[in-house]
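Q: Sequential numbering of the sequence shown, starting at 1, is according to UniProt numbering.
The C-beta atom is built at its ideal place from N, Cα and C for all residues, glycine as well.
For reference, the structure I am asking about is given below.
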Amino acid sequence: MNYTDIKTLLSEEDAVSPVIGVILMVAITVILAAVIGTFVLGLGDQVQSSAPNANFEFQYDGGADGAIDDSTNADDSFTITHNGGQDVDSSNVQILVDGTAVPDTNLSPGSWDTTISTGSSYTATEDGSNNVFGGGESIRVVWTSPNGGSSNTIGQSTVPN
Numbered sequence: 001m002n003y004t005d006i007k008t009l010l011s012e013e014d015a016v017s018p019v020i021g022v023i024l025m026v027a028i029t030v031i032l033a034a035v036i037g038t039f040v041l042g043l044g045d046q047v048q049s050s051a052p053n054a055n056f057e058f059q060y061d062g063g064a065d066g067a068i069d070d071s072t073n074a075d076d077s078f079t080i081t082h083n084g085g086q087d088v089d090s091s092n093v094q095i096l097v098d099g100t101a102v103p104d105t106n107l108s109p110g111s112w113d114t115t116i117s118t119g120s121s122y123t124a125t126e127d128g129s130n131n132v133f134g135g136g137e138s139i140r141v142v143w144t145s146p147n148g149g150s151s152n153t154i155g156q157s158t159v160p161n
């Protein structure tokens with residue numbers, strides 16, 4: 001390589017810069033089109049909030065006879081206590097016993113405050129009109145997204161036999 005080749009190389013101003021500029025402009029255009037398209041088509045409305053991470057403890061009381069059963073004693077109860085994790089808005093939570101929402105005609109429900117926080121409890125007791133505990137029932141704490149559409153079980157237990 002001689003002196004004139006080096007001088008020509010150093011005086012050359014067309015380098016990579018225009019190519020990078022064009023690539024960046026195309027990338028920005030594609031990104032903007034994707035964002036605008038998402039909102040125009042309404043796909044942004046389908047984003048769901050995720051279920052809270054909470055820990056629940058389930059306790060069962062057999063009432064006067066001490067056994068959770070289908071006997072004539074209709075005072076069996078369960079207590080659900082929030083042991084930790086995120087606070088949960090109680091308006092988004094439903095208690096289900098074998099898929100049936102509590103309160104129903106079989107239970108006298110307890111209540112949670114508007115916010116279910118660590119240490120708060122919910123107690124439901126059979127009211128005597130119909131025994132719903134015989135052991136083996138599934139009790140679930142179900143959270144429903146405030147946006148609607150999705151629900152998740154955030155706590156679950158089985159009534160002991």
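1. What's the C-alpha gap between residue 146 and residue 153?
2. Since residue 84 sits in a beta bridge, which residues does DSSP pair it with?
3. Note down the Cα distance separating residue 157 from residue 138, rounded to an integer number of angstroms.
4. Would the stretch 118–126 count as touching the stretch 17–28 if we require 3 or more Cβ pairs under 8 Å?
5. Please identify the residue among 155, 150, 159 and 161 whose C-alpha is closest to the C-alpha of residue 50.
6. Which same chain residues, not among the five before or five after residue 79, have their C-beta less than 6 Å away from its C-beta?
7. List the DSSP bridge partners of residue 151.
8. Expressed to the nearest angstrom, what Euclidean distance is found between the alpha-carbon atoms of residue 57 and residue 41?
9. Are the CB atoms of residue 196 and residue 143 nearer to each other than 8 Å?
10. State the DSSP-derived secondary structure class of residue 22, mapped to helix, strand or coil.
11. Is residue 114 helix, strand or coil by DSSP?
12. Assuming residue 95 and residue 141 form a contact by the criterion Cβ under 8 Å, report the distance between their Cβ atoms to the nearest whole angstrom.
13. Assuming residue 88 and residue 54 are in contact, meaning their beta carbons sit under 8 Å apart, how far apart are those beta carbons, in whole angstroms?
14. Does DSSP classify residue 96 as helix, strand or coil?
A: If we stick to the structure as given:
1. One C-alpha to the other measures close to 15 Å.
2. In the DSSP secondary-structure assignment, residue 84 is bridged to 55.
3. Straight-line measurement puts the Cα of residue 138 at about 6 Å from the Cα of residue 157.
4. No, the stretch 118–126 is not in contact with the stretch 17–28.
5. Just measuring C-alpha positions, the residue of 155, 150, 159 and 161 sitting nearest residue 50 is 150.
6. Only 59, 121 and 123 meet the Cβ criterion.
7. DSSP, once it has assigned bridges, lists 144 as partnering residue 151.
8. Each residue's alpha carbon lies about 43 Å from the other.
9. Given that the chain is displayed from residue 1 to residue 161, the structure contains no residue 196 and the question cannot be resolved.
10. Here residue 22 sits in helix by DSSP.
11. Correct three-state label for residue 114: coil.
12. A Cβ-Cβ distance of about 6 Å is found for the pair residue 95 and residue 141, placing them in contact under the 8 Å criterion.
13. So it is a contact: roughly 6 Å between Cβ atoms.
14. Residue 96 falls in the strand class under three-state DSSP.
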